[in-house]
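Novice: Have a look at the structure that comes next, please.
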């Protein structure tokens, strides 16, 4: 224990990377003016109504914007990727990277009156880990072998192997701590309400399906995360989250003053609020979730030929397409890891893309020299074609339009037939299970970079069904990154994995998604949460008197 | 025992309705089994987690013969048990039951509004000068062919965002019902008014109108008391079809206005591939259609003396 402490301290300070661009994101110039005032209430118009409000079950990125208001995590992740105290005040990691000792705050109570102690944390982690309980978050605790309550407020977590992604997992909302009493109730807690008892700064007062969620201040709250701007209870008395799925309706509701804050602003609506009197417009970082990326199944011809993949990667001017579809509100991506992620490999920038001449040459070399009646390249009578199967539930903010743009350019410039087909979730599940998908476009939920690589292009990734035919060197790099106990080693392996994936054109990153917030200028303290990569909860938000 | 001919007609109509209901349940069952992929994956929706497949196989008895599954399915639906939504982790009947009322409010308000608008427009313009009829026809055609979605956005822009007379969304007050009901009513009203006016114009040329006129009745009374009643029959025929239109339109209206209701539930269920909920909504829509058309047929028998004599 004592031997472990200095090492962990060293590691924690090593984790305090220089602040990246992500840290520069703040609530705009209006913030500096006045002192925060408690009281008041706001209405927040959001795009997505959560399918399930239980953080341990939800897999919807947009659900966490709502859930974070009533659920806390053991560890907080601050700007630049530093890990900070939250429900756990401190932690140490053994030299072999397998034993985590956490010290909990002694004064935390759940919304249902239960006390947070070591037993409650053990109950939560065991509950998530038990596959019988069918929690989506169980994938985050795969390496967790045993949880022991070694004292009333001391928890020891023993891993089966070193896992460099584990602190990130503990900071994830998906391992948010819920009242054991609530978990034991047998209710799946998906429909929210007071039964879903967390420890967060707001209580979940009520849920009206199809309409809104009502939150009320937790006046006992004294355990704000290390990155918060203040301590003690939240400023707002109440908050209403209103579900407004239509872009134009959300914008109109804000411009007419019927809601105070909206999330998800269409590029064409941004001008309504950006630099307009009475409003503010803020763009979030793109660090925690992956970039929107075309993942190529390189075990199925013609994508088995690296020249075909590279031609697909370089044939289109993706930067120009992204600019024309998103009007400069998002950035083109160079890797599937987000540009503000501390493990993003910056050296990839400008190394690929938009070189149709080279792409044509590669295809000629690969033998795709014939042309059919429609002008597509052929080889031995076969047309050069690969299908992008895009599951309908994930099609959003013009991403299909962007792919159509790539499709048109590849056809015109290369004679490459990139097909786009909107599929169903069930069909995708089947293709995934058999490894028969050809190209899968996605962004992945916020997680540690090494875990993201593993879940997307690693051994546990989309190609897992045909992993024996896949790229073992890439898998090895990703596995080493996950097991690295040293931050520099981890950086090296994640960078090498990104480089290999892009150079071999296993992936074609398209753009780095981000969140946009627009609000009345009287709403202060709006920010983004690093771990979620989305708007923070409303804890630091307050209303200035006009 | 001799059954009254009217009663016999009604009984026969009810019997056919039952056959249609049974047919729709069967169609739903066959459609489910005809979908590509394993049934348990289809029923699970987008949130697959360990253990779920086994739970679904047990609950739906998917390891039994197709016929046994079918009998079980029909029996459960007949008992009002629509199973469990694996995506929302709630009984489907509870989800649909809690969301049906906002939709019923919206659809009935829109239905009544459409009837009033169509009645007023037709009564005022039928058989009038060319300009009035042309103008009314143009407005009706615009309303009937404009998408509910677009009308809704326009109404919101004018009355909510600019004039701020009505709130943008929700179902907490009568004010919040006004714009969605108008948006949903306009296309229906446009269509109904066209049919109604044509029928009124035909009725106005009937000899009985000349007779009533000869009795010295005023034009307004003639139209309201005599002509409208005759002209209403074709409009009633359209009623069953229009109820379907209102339900379908409600899906879109609820999304635009951010209202709770079956539409929102259906849309979310489709998007998250929550097949048990989609199945329930499809069956519910079929039942409502059958119930409405059965009811209208019965009303027909009652209000049209010619049908009683056959």
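Protein chains in written order, with our numbering: chain A, 38 to 583; chain B, 511 to 820.
All C-beta atoms, glycine included, are put in the ideal place defined by N, C-alpha and C.
Can you pull the chain B residues whose beta carbon is under 8 Å from the beta carbon of residue 282/A, in chain order?
Specialist: 765 and 768
Novice: Using a Cβ-Cβ cut-off of 7 Å, state whether residue 678/B counts as contacting chain A.
Specialist: yes
Novice: Terminal residues of the continuous alpha helix (DSSP H) containing residue 546/A?
Specialist: Premise fails: residue 546/A lies in the beta strand (DSSP E), 544-549, not in any alpha helix (DSSP H).
Novice: By a C-beta neighbour count over all protein chains shown, 10 Å radius and 16 as the cutoff for buried, is residue 573/B buried or exposed?
Specialist: exposed
Novice: Using only CA atoms, which one of 707/B, 706/B, 710/B and 667/B lies nearest to residue 689/B?
Specialist: 667/B
Novice: Can you give me the Cβ contacts of residue 368/A inside the same chain, cut-off strictly under 6 Å, excluding the 5 residues immediately before and after it?
Specialist: 549
Novice: Ignoring anything shorter than 4 residues, give me the alpha helix (DSSP H) runs that lie fully in the region 691-756 of chain B, in order along the chain.
Specialist: 717-724
Novice: Got a sec: which bits of the region 95-127 of chain A sit with their beta carbon under 7 Å from any beta carbon on chain B, in order along the chain?
Specialist: Hits within the stretch, in order: 96.
Novice: Should residue 655/B be flagged as near chain A, meaning a C-beta pair shorter than 7 Å?
Specialist: no
Novice: Straight-line CA distance for residue 118/A to residue 790/B?
Specialist: Distance between the alpha carbons of residue 118/A and residue 790/B: 46 Å.
Novice: What runs of the alpha helix (DSSP H), each 4 residues or longer, lie entirely inside the region 354-387 of chain A?
Specialist: 355-363
Novice: Note down, in chain order, each residue of its chain lying with its Cβ closer than 6 Å to the Cβ of residue 557/A, except the 5 sequence neighbours on either side.
Specialist: The residues 297, in chain order, have a CB closer than 6 Å to that of residue 557/A in the same chain once the five nearest residues on each side in sequence are set aside.
Novice: CA-CA distance, residue 333/A and residue 510/A?
Specialist: So the alpha carbons of these two residues sit roughly 17 Å apart.
Novice: Interface residues of chain A around residue 775/B at Cβ under 8 Å?
Specialist: 246 and 247
Novice: Quick check on the DSSP output: the beta strand (DSSP E) that includes residue 82/A runs from which residue to which?
Specialist: 78-83
Novice: Buried or exposed: which applies to residue 261/A, given that a residue is buried once 16 or more other Cβ atoms fall within 10 Å of its Cβ?
Specialist: buried
Novice: Let me know the secondary structure DSSP gives residue 184/A once reduced to three states.
Specialist: strand
Novice: Using the three-state DSSP reduction, which class does residue 456/A fall into: helix, strand or coil?
Specialist: strand
Novice: Check for me: the alpha helix (DSSP H) holding residue 219/A runs from which residue to which?
Specialist: It spans 217-221 - the alpha helix (DSSP H) in which residue 219/A sits, taken as one unbroken run.
Novice: Secondary structure at residue 136/A, three-state DSSP: helix, strand or coil?
Specialist: strand
Novice: Assuming the contact rule is C-beta atoms closer than 8 Å, residue 470/A and residue 481/A should be a hit. Round their C-beta distance to whole Å, please.
Specialist: Wrong, their Cβ atoms sit about 19 Å apart, outside the cutoff.
Novice: With DSSP as the reference, identify every bridge partner of residue 191/A, one or two as the case may be.
Specialist: 140/A and 188/A
Novice: Hey, would you say the C-beta of residue 726/B is under 6 Å away from at least one heavy atom of the ligand MN?
Specialist: The ligand MN is not part of the structure shown, which contains no ligands of any sort.
Novice: Shorter than 7 Å from the beta carbon of residue 661/B to some beta carbon of chain A?
Specialist: It does not; no Cβ of chain A falls within 7 Å.
Novice: Can you find at least 3 beta carbon pairs, one from the region 397-414 of chain A and one from the region 443-457 of chain A, that sit closer than 8 Å?
Specialist: yes
Novice: Evaluate residue 716/B with the Cβ neighbour count: other Cβ atoms within 10 Å of its Cβ, from every protein chain shown; 16 or more gives buried, anything less gives exposed.
Specialist: exposed
Novice: Might you give, ordered along the chain, the residues of its own chain that have their beta carbon closer than 8 Å to the beta carbon of residue 97/A, omitting 5 neighbours on each side?
Specialist: Excluding residues within five positions, the ones whose Cβ falls inside 8 Å are 85, 87, 88 and 89.
Novice: Residue 546/B touches chain A at which residues, Cβ-Cβ below 9 Å?
Specialist: 461, 463, 464 and 467
Novice: Excluding the 5 residues preceding and the 5 following residue 722/B in the sequence, name in chain order all residues of the same chain whose CB lies nearer than 7 Å to its CB.
Specialist: 732 and 736
Novice: Which value, in whole angstroms, describes the spacing of the CA atoms of residue 648/B and residue 658/B?
Specialist: 17 Å
Novice: With a Cβ-Cβ cutoff of 7 Å, do residue 226/A and residue 99/A count as a contact?
Specialist: no
Novice: So, is the C-beta of residue 520/B closer than 7 Å to a C-beta in chain A?
Specialist: no
Novice: Is the region 379-390 of chain A touching the region 526-536 of chain A, taking contact as three or more C-beta pairs under 8 Å?
Specialist: yes
Novice: Is the beta carbon of residue 523/B sitting closer than 7 Å to the one on residue 747/B?
Specialist: no
Novice: Please report whether the beta-carbon of residue 68/A lies at a distance below 7 Å from any beta-carbon of chain B.
Specialist: Because the pLDDT of residue 68/A is 45, which lies under 50, any placement of that residue in the model is unreliable, and the question is left without a value.
Novice: Can at least three beta-carbon pairs, one atom from the region 528-546 of chain B and one from the region 137-148 of chain A, be found at a separation below 8 Å?
Specialist: no
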